[in-house]
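Enquirer:
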Amino acid sequence: MPFFEPELHLTEEEFRLIRDLIYHHCGLFFDEDSKYLLDRRLLQRVTLHNLSGFREYYQFLKYDRKKEQEISDIMDLLTTNETYFFREAFQLRAFTDEIVPELMKLKRDRTLRIWSAGCSTGEEPYTIAMLLLEMGGFDGWRIDIVGSDISHRVVQHARKGVYGKASFRATEERYLKRFFTETEGGYRVNDEVRELVTVSQMNLFDQNRLALLGKMDVIFCRNVIIYFDEASKKKVIEAFYNTLRGGGYLLLGHSESLMNITTSFALKHLKNDMVYQKTNSTGGGVVT
Amino acid sequence: MKLSSRDEEERRLAVLALRDHPFASTMQLLFKAMGDESWRVRKEAVTAVLQAQPLEAPVLEALIAALRASENAGLRNSAVEALELIGAAAVQQLCAHLNDPDPDLRKFVIDILGNIGCEKCLPLLVRALDDDDMNVRVAAAENLGKIGDAGALPHLLTVLEGGEIWLKFTVLDALALIGAPVPLVSLAPLLQESLLRRATYDCLAALGDVQALPILLQGLQEKAKNAREAAAMALMRVRERLPAEKQTSLVDLRLQEMSGGPIAKKLIDSLHSEDPVVLSALVRIVGTIGDTRAALPLLHVCRSERLRDVCIDAFRRIGPKLLPELVDHFPATVPIERAVIAQLLAEFGDTGHEKLLLDGLLDDSAQVRRSCALALGRPKSQGAVTRLAELLDDDEPQVREAALEGLRAFAATEPATLSTLASALTRAQLPAKRRNAALILGALADGERLSPLVKDEDATVRQAAVSSLGRVELPQALSHLALALSDEEPEVRLAAAHALSDRGGPDALAPLLLALNDSDPWVQTAALRGLALLGDSGALPGVIALLDQACGPVLIAALSTVAALGGANALAPVEKALSHSDEEVVEAAIEILSGFGCGWIDGHSATLLAHPHWVVRRSFVRALAKLRGAESMAILDRALASESDQLVRSEIAALLGRLR
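Those sequence lines, one after another, are chains A and B. No gaps in the numbering here: position 123 of the first sequence is 123 in our numbering, and each next residue is one more. With positions in the second sequence counted from 1, the corresponding number in our numbering is that position plus 288.
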């Protein structure tokens, strides 16, 4: 219980050690302005593990056999997981009205694989599933929607699939009626939607785990790379490039772009939005 | 002809294809592409040009000529980017253009030289401070700041004597960036110019010393808000650089004299600023002034998580005299402010507000319930135990833990009530309740009833019971703790090792030695710390035997224990650890050896100063200054000259400042 005990504060040295460790693990970079965030929010972890201070906590993060789990847990404390169904409607319109119809024409293997990278509590992959179910016309198709996040807690939430009022701020009534069932503690996503979605805990820096995903037709990664510095963005975008099929689409958040990160994607002007497309050529690459 | 295609991607791919051809034959095309309307094509062209390095003089000239392309900003920016990336190899030719008749070109050249960080061009940039063109003069001052060489100082100070406000403004920024001491007499007159006040205070924030304090205290009376805030920030920055006794006598006492007056009121009113850095300085000043009019404005600033700690510290400085106003405000305000008020009631030990705190246990906000639960443990008011016990079932874990903490505080004043509660919890089905029982029984020092909980079926209960038993006088406690070292759960074994270390005594030696062989490194680490505290040199062979296979925290703890038990004669393995591959181990070794004199320094100085990890270099320079004092200055000077890490550089500069 920190509030009555002598208060511990992160020194410059401890801040940098912990910050660099997190950065090398998963690419999230906390600048000097974020020191207070680590200082206040990691103190509860120091207390929880009965450690004497932040230096011991750094050693815990560095050496403990459960360090992966601990870093995943602190991501919850240090990042904002807030999201909701049908977020950024204009981009979703580009997806349903332009991207998916094009893929349906082109994909002779009748599979559609979509990855929601950094899906937080799961609203995005379930939104994608609902939109596809509403579109219809997928008889004989195999649809895989994969949601991933670095945080165990949000992944558990996504798997549970029960949501409160805040998740429905942009949801039309008809979706709520068709795809959700009211339960104790909120609304549960119906099985019809859940069947299309698989949720997995994943660090975007973990190349081995990413390789297991297989090739994707569309990657949604919205409001995730804002937490990364340029080097990490390049690394993650390169992983997306390798995961996408030729001609596949990368959809970033409205305030994010690939400027100065890579020239491997072509910026495509659709009617509803601008999106990135993996070109079929081998040219381009990460900007050095 | 794809370079002229309408399709951006085709043009980019065309540039990419040019990389496969000899540079001489593609240079003109690449230069054309550097001015393409698409940034992606331009970027590709710059990359292709850079790939052809080393570039011959005519190519560099062509790049410099592209800086004249005022009609094509894309081409000019590409040329700037390319020249900066070429770096030192372009410097000589860039310098040759500092007398170019085109002032725009001269300015671009100076900006590029500054971004390259070319110290050799210093005399040329100094000369450009007298350029005919104002933009060039300003660019020269700005880039002298970026280069950061103190050799520019006298020339920049000469500029301050002139009449150009804009240029002086830039010079002040440059002086702050260079960071070398500047005589106050050069800066003080600038405060007479209202447009320069803020920049002058900012400069004093970076460079000012004790002599600047009267000016900065005076600056708190500035009419213009931005100048007043800049003076406040500068005052607190200069204060941080003073020794503690001077902080009090030269700053804090002066500020306290302002309490109740108009300056204090103005500063309190400034607590609505949006900038967190400004607010942090103002909060610290207002807290030091100690004026109760700051109560509610400070409480409002507490809403910001970033500033909450500094606000609470300000409240502590002002003291309990601000409580009445805060308490009146409690019912009407937002949860975070209610939580802070509860915390302050507890910290100041103010009685008479028990009802407020008890009502707070029913608050909708978990944050408020938590604060009130913790606060109730302080005045230990009648009836609070029952209410806190109800909170042990709260939905929020942080509230449950706070309730438990609050309850344990009543062990001395209401042991009977607490004992009854513990009995009920001991019989509960839920392990979490039995765990609470173990912790309450620990606070009651009731070893008899703790003993059965050490054998509970649930590991969290056993862990809590073992931890509690460490602080209880019970004849059979030691055997319980020794047995707990064989528990299947590492958390229980760890609690046992900690408990044995806390208890100490000769009987703890044997079980702690056995715990050195535990499979869990944290249990081994706790056992090592316990052995170090026991101080029985009989443990030394066991600890030394561990050194060869240990790593990470176990090795660090083992090295400390070896030094604690064996003293100066047992330091060989610690000195050997200075060459370990894990920087944490090396740093620990430096710290341990520092406790035994400076005999080890000379043999390792060069290696440690060149260590790849900054944390080791920082630790070593600290040890060096501490052990060798003024004698270390020559080495520290050399270290500063070669150090690239900013944190380590600041450390060395601060150490040298203290030693001088």
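Glycine included, each C-beta is placed from N, C-alpha and C at the ideal position.
Would you say R715 of chain B reaches chain A, if we count a Cβ-Cβ gap shorter than 8 Å as a contact?
Expert: Walking along the second sequence from the start, residue 715 of chain B turns up at place 427. Not closer than 8 Å to any Cβ of chain A, the Cβ of R715 of chain B fails to qualify, so no.
Enquirer: Hey, out of B:H768, B:S537 and B:D579, whose CA is closest to K554 of chain B's CA?
Expert: Stepping through the second sequence from its first residue, residue 554 of chain B is reached at position 266. Nearest option by C-alpha distance: B:D579.
Enquirer: Check for me: the alpha helix (DSSP H) holding K331 of chain B runs from which residue to which?
Expert: What you label residue 331 of chain B is simply residue 43 of the second sequence in a count that begins at 1. Looking at the DSSP string, the run of the alpha helix (DSSP H) that includes K331 of chain B is W327 to Q339.
Enquirer: Classify T262 of chain A: buried if its beta carbon has 16 or more other beta carbons within 10 angstroms, exposed otherwise.
Expert: For the purposes of this step, residue 262 of chain A is taken as the residue at position 262 of the first sequence. Buried, because 16 or more other Cβ atoms sit within 10 Å of the Cβ of T262 of chain A.
Enquirer: Give the DSSP-derived three-state secondary structure of K295 of chain A in the structure shown.
Expert: Lying before the first or after the last residue shown, residue 295 of chain A is absent from chain A, which here runs from 1 to 288.
Enquirer: So, with DSSP's three-state summary, where would you put Q934 of chain B?
Expert: Taking the second sequence and counting its residues from 1, one reaches residue 934 of chain B at position 646. Note: Q934 of chain B maps to helix in three-state DSSP.
Enquirer: Let's test the definition: count the other Cβ atoms within 10 Å of the Cβ of I219 of chain A and tell me whether it reaches 16, buried, or not, exposed.
Expert: Here residue 219 of chain A refers to the residue found at position 219 when the first sequence is read from its first residue. Burial call: buried.
Enquirer: In chain A, which residues lie less than 9 Å from L935 of chain B when you measure between Cβ atoms?
Expert: Translated into the one-based positions of the second sequence, residue 935 of chain B becomes position 647. In chain order: E12, E13 and R16.
Enquirer: Can you tell me whether A376 of chain B is buried or exposed, with buried defined as 16 or more other CB within 10 angstroms of its CB?
Expert: Taking the second sequence and counting its residues from 1, the one referred to as residue 376 of chain B is at position 88. With fewer than 16 other Cβ atoms within 10 Å, it is exposed.
Enquirer: For R93 of chain A, which of helix, strand or coil comes out of DSSP?
Expert: If you number the first sequence from 1, residue 93 of chain A lands on position 93. Three-state result, R93 of chain A: helix.
Enquirer: Have a look at A:F138, A:D206 and A:D33 and flag the residue whose alpha-carbon is nearest the alpha-carbon of S72 of chain A.
Expert: Counting from 1 along the first sequence, the entry for residue 72 of chain A is found at position 72. S72 of chain A has its Cα closest to that of A:D206, out of A:F138, A:D206 and A:D33.
Enquirer: Return the residues of the segment 250-272 of chain A that lie within a Cβ-Cβ distance of less than 9 Å from chain B, sorted by chain order.
Expert: Under the 9 Å Cβ criterion, the segment 250-272 of chain A contributes M259, N260, T263, A266 and L267.
Enquirer: Using only CA atoms, which one of B:A851, B:A820, B:R572 and B:L478 lies nearest to L523 of chain B?
Expert: Along the second sequence, one-based indexing puts residue 523 of chain B at 235. Out of B:A851, B:A820, B:R572 and B:L478, B:R572 has the C-alpha closest to the C-alpha of L523 of chain B.
Enquirer: Return the first residue and the last residue of the beta strand (DSSP E) that S200 of chain A is part of.
Expert: On the first sequence, position 200 is the one that residue 200 of chain A refers to. V197 to Q201 is the extent of the beta strand (DSSP E) around S200 of chain A.
Enquirer: Going by beta carbon distance, what residues of the same chain come within less than 7 Å of S167 of chain A, once the five residues before and after it are set aside?
Expert: Translated into the one-based positions of the first sequence, residue 167 of chain A becomes position 167. Excluding residues within five positions, the ones whose Cβ falls inside 7 Å are Y84, F85 and E123.
Enquirer: Near R591 of chain B, which residues of its chain fall below 8 Å by C-beta distance, leaving aside the five closest residues on each side in sequence?
Expert: For the purposes of this step, residue 591 of chain B is taken as residue 303 along the second sequence, with counting starting at 1. Closer than 8 Å at the Cβ level, and outside the excluded window around R591 of chain B, lie V622, I624 and E625.
Enquirer: Which class does G887 of chain B belong to by DSSP, given the choice of helix, strand or coil?
Expert: In the second sequence, residue 887 of chain B corresponds to position 599, counting from 1. Reduced to three states, the DSSP call for G887 of chain B is coil.
Enquirer: Can you tell me whether P477 of chain B is buried or exposed? The criterion is at least 16 other CB atoms within 10 Å of its CB, across all chains shown.
Expert: The residue you call residue 477 of chain B lines up with position 189 of the second sequence. With fewer than 16 Cβ atoms within 10 Å of its Cβ, P477 of chain B is classed as exposed.
Enquirer: Check R113 of chain A in the structure and name its three-state DSSP category.
Expert: Against the first sequence, residue 113 of chain A aligns to sequence position 113. It is a strand residue.
Enquirer: Could you give the DSSP three-state label for S148 of chain A: helix, strand or coil?
Expert: Sequence index remark: in the first sequence, residue 148 of chain A carries index 148 (1-based). In the structure shown, S148 of chain A sits in a strand (DSSP, three-state: E or B).
Enquirer: In this structure, how does DSSP classify K278 of chain A when only helix, strand and coil are distinguished?
Expert: Residue mapping note: residue 278 of chain A aligns to position 278 of the first sequence, counting from 1. In this structure, K278 of chain A counts as strand in the three-state DSSP scheme.
Enquirer: Among A:L251, A:L17 and A:S151, whose alpha-carbon lies nearest the alpha-carbon of E68 of chain A?
Expert: Taking the first residue of the first sequence as 1, we reach residue 68 of chain A at position 68. Closest option to E68 of chain A, Cα to Cα, is A:S151.
Enquirer: Could you pull out every residue in the same chain whose Cβ sits closer than 8 Å to the Cβ of V368 of chain B, ignoring the five residues on either side in sequence?
Expert: For the purposes of this step, residue 368 of chain B is taken as residue 80 along the second sequence, with counting starting at 1. Closer than 8 Å at the Cβ level, and outside the excluded window around V368 of chain B, lie L355, F396, D399 and I400.
Enquirer: Given a threshold of 16 other Cβ atoms within 10 Å of its Cβ, counted over all protein chains shown, does G917 of chain B qualify as buried or as exposed?
Expert: In the second sequence, residue 917 of chain B corresponds to position 629, counting from 1. Label assigned to G917 of chain B: exposed.
Enquirer: Cβ atoms of L614 of chain B and I600 of chain B: under 8 Å apart, would you say?
Expert: In the second sequence, residue 600 of chain B corresponds to position 312, counting from 1. In the second sequence, residue 614 of chain B corresponds to position 326, counting from 1. Not a contact, by the Cβ cut-off of 8 Å.
Enquirer: For I237 of chain A and V909 of chain B, I'd like the C-alpha separation in whole angstroms.
Expert: For the purposes of this step, residue 237 of chain A is taken as residue 237 along the first sequence, with counting starting at 1. For the purposes of this step, residue 909 of chain B is taken as residue 621 along the second sequence, with counting starting at 1. The straight-line gap from Cα to Cα measures roughly 40 Å.
Enquirer: Do L935 of chain B and E14 of chain A have their C-beta atoms closer together than 8 Å?
Expert: What you label residue 935 of chain B is simply residue 647 of the second sequence in a count that begins at 1. What you label residue 14 of chain A is simply residue 14 of the first sequence in a count that begins at 1. For L935 of chain B and E14 of chain A, no; Cβs fall outside 8 Å.
Enquirer: Using a Cβ-Cβ cutoff of 8 Å, what residues of the segment 318-346 of chain B are near chain A? List them in chain order.
Expert: Per Cβ criterion, the list reads W327, R328, K331, E332 and T335.
Enquirer: Within a Cβ cutoff of 7 Å, which residues of the same chain sit near A462 of chain B, ignoring the five residues on either side of it in sequence?
Expert: Position 174 of the second sequence, counted from the start, is the residue given in the question as residue 462 of chain B. Answer for A462 of chain B: A429, E430, L432, G433 and L444, listed in chain order.
Enquirer: Going by beta-carbon coordinates alone, are L662 of chain B and A620 of chain B separated by less than 8 Å?
Expert: Here residue 662 of chain B corresponds to residue number 374 of the second sequence, with the count starting at 1. Here residue 620 of chain B corresponds to residue number 332 of the second sequence, with the count starting at 1. No, the pair does not count as a contact, with Cβ atoms beyond the cut-off.
Enquirer: Quick one: give me the first and last residue of the alpha helix (DSSP H) that D76 of chain A is part of.
Expert: As a first step, residue 76 of chain A must be located in the first sequence, where it is residue number 76. Counting along the chain, the alpha helix (DSSP H) containing D76 of chain A begins and ends at K67 to L78.
Enquirer: Please list, in chain order, all residues of the same chain as R926 of chain B whose beta carbon is under 7 Å from its beta carbon, the five residues on each side excluded.
Expert: Within the second sequence, residue 926 of chain B is the residue found at index 638, counting from 1. Nothing meets the Cβ criterion.
Enquirer: Check the Cβ of V965 of chain B against every Cβ in chain A and list those closer than 9 Å, keeping chain order.
Expert: Given a span of 289 to 948 for chain B in the structure shown, any question on residue 965 of chain B remains unanswerable.
Enquirer: Can you tell me whether M216 of chain A is buried or exposed, with buried defined as 16 or more other CB within 10 angstroms of its CB?
Expert: One-based indexing of the first sequence puts residue 216 of chain A at position 216. Label assigned to M216 of chain A: buried.
Enquirer: Could you pull out every residue in the same chain whose Cβ sits closer than 7 Å to the Cβ of F311 of chain B, ignoring the five residues on either side in sequence?
Expert: Locating residue 311 of chain B in the second sequence gives position 23, counting from the first residue. A340, listed in sequence order.
Enquirer: Can you name the residues of chain B whose CB is closer than 8 Å to the CB of R290 of chain A?
Expert: The displayed coordinates of chain A run from 1 to 288. Any statement about residue 290 of chain A would go beyond what the structure contains.
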